[in-house]
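Asker: Sequential numbering from 34 applies to the sequence shown in the working numbering.
Glycine included, every Cβ here is placed at the ideal spot set by N, Cα and C.
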Amino acid sequence: MNHSNDIDQFVAKLKKHSLKATPQRIAVHKAMIRLGHASADMVAGEIAREGEASITVASVYNILCGLSELGIYGRRLSSTNKMFFDVNTFWHAHMYDCENDLYKDIMDEELNALVNEKLSRRKFRGYRVESVDIQITVRPTRKKCARNA
């Protein structure tokens, strides 16, 4: 597992990449810990609500992109072409609510084992499997929508 949730671990990762632990980066990371999966505007809104730092959505987006390039966060493109970032970078599946544009983690060791076992026996001529990305796209049921109203 590759949790980046601890602030000390986060600061150590920044130092490893010769980056400073600026108040903006710390605020972005704290917001990501609370949100789990989020777009830049969601993170900026969370930071504003908590009053942790003064930062624009564009700066949040740049920080998130830079940290995802370093592998500190994962990223996912939604069906609405909005970039979402994921604080969990270990292998896991996702459930994507296409109606509400939200992601949730699916922690299922049995699914992980089945996929790994199947792919370990499968060859793709001329290719090596680099990663596996499972996303289950869902739509809320009417019953669930009525409960949330």
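Ignoring anything shorter than 4 residues or poking outside the region 47-71, list the alpha helix (DSSP H) runs there in chain order.
Answerer: You should have 56-68.
Asker: Just how far apart, CA to CA, sit Val162 and Glu150?
Answerer: Straight through space, the alpha carbons of Glu150 and Val162 are spaced by roughly 13 Å.
Asker: Straight-line CA distance for Val165 to Gln42?
Answerer: 26 Å
Asker: Using the rule of at least 16 other Cβ atoms within 10 Å of the residue's Cβ for burial, across every protein chain shown, is His36 buried or exposed?
Answerer: Bear in mind that a pLDDT of 43 at His36, under 50, signals an unreliable position, so the model cannot answer this.
Asker: Evaluate the contact criterion for the region 86-93 versus the region 127-143: three or more CB pairs, one atom per stretch, below 8 Å.
Answerer: no
Asker: According to DSSP, which residues form a beta bridge with Asp184?
Answerer: The chain is shown only over 34 to 182; residue 184 falls outside these bounds and no answer can be derived.
Asker: Three-state secondary structure (DSSP) at Met75?
Answerer: helix
Asker: Would DSSP call Asn145 helix, strand or coil?
Answerer: helix
Asker: What is the rounded straight-line gap between the Cα of Ala45 and the Cα of Lys53?
Answerer: 10 Å
Asker: Would you give the residue range spanned by the beta strand (DSSP E) that Leu97 belongs to?
Answerer: Careful: Leu97 lies outside any beta strand (DSSP E), inside the alpha helix (DSSP H) at Val90 to Glu102.
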